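Take a look at the structure below.
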Amino acid sequence: MNKKEVEKYIPLAIISIKEVMSNTTNTAEESLELPKEFKGYISSFGAGIIQSGLLPTVAFFEKEDSNFKSYRFKITEMIFKMLAKEKYCKDNKLLNYLLDKEDIEEVKEDIINIAIALKLAMRTFKFSEKEKVGD
């Protein structure tokens, strides 16, 4: 973790959260509330990288499963948006970008710093008690 890098990513994280979540919930940015589950998702993302590695963690988070209360794949969508690698990957999925990359270690530190910045940026938003995003 690099504090200066994390600080650099915080404004981008706020923008990324607003863009990804306002598209999902169809609400205005100023009244945007994040699902309360996102607190746990972003915390477990970092722990998952340390315990299981980057690829398994990203694969787990990108699985869209309707049994979950919120869309945890939105976390990787926010991270991918902040990496600004859309031009390198057609379907805008972090997992596919990493699978196509020969050396993921060169972006691993950036992804960790972005995840930390996202966690800090999420503290600037209200959290809802709704069961599912968009309900």
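Residue numbering for the sequence shown is 942 to 1076, as defined by the working numbering.
In this text, a Cβ means the ideal position worked out from N, Cα and C, and glycines have one as well.
Just so it is clear, the structure is predicted and the values come from calculations on it, not from any experiment.
Residue burial classification, residue i (beta-carbon count within 10 angstroms, cutoff 16)
i        : result
Lys-949  : exposed
Thr-1017 : buried
Thr-998  : buried
Ala-1056 : buried
Asn-943  : exposed
Ala-1025 : exposed
Glu-978  : buried
Own chain, CB closer than 7 Å to residue i, minus 5 neighbours either side, in chain order
i        : result
Ala-1062 : Ile-951, Ala-954, Ile-955 and Ile-958
Asp-1076 : Its pLDDT being 43, under 50, Asp-1076 is placed unreliably by the model, and nothing is read from it.
For residue j and residue i, believed in contact at Cβ under 8 Å, the rounded distance
i        : j        : result
Glu-960  : Lys-1004 : Wrong, their Cβ atoms sit about 22 Å apart, outside the cutoff.
Phe-1001 : Gly-987  : The pair is not a contact, with the Cβ atoms about 13 Å apart (cut-off 8 Å).
Ser-984  : Lys-1060 : 7 Å
Within 9 Å, strictly: CB atoms of residue i and residue j
i       : j        : result
Leu-996 : Ile-1053 : no
Opposing strand residues paired with residue i [DSSP bridges]
i        : result
Ser-1069 : Pro-976
Close-in-space but distant-in-sequence residues of the same chain around residue i (CB under 8 Å, 5 per side omitted)
i        : result
Thr-1065 : Ile-955
Same chain, Cβ closer than 6 Å to residue i, neighbours up to 5 away in sequence not counted
i        : result
Lys-1015 : Val-961
Lys-1067 : Glu-974
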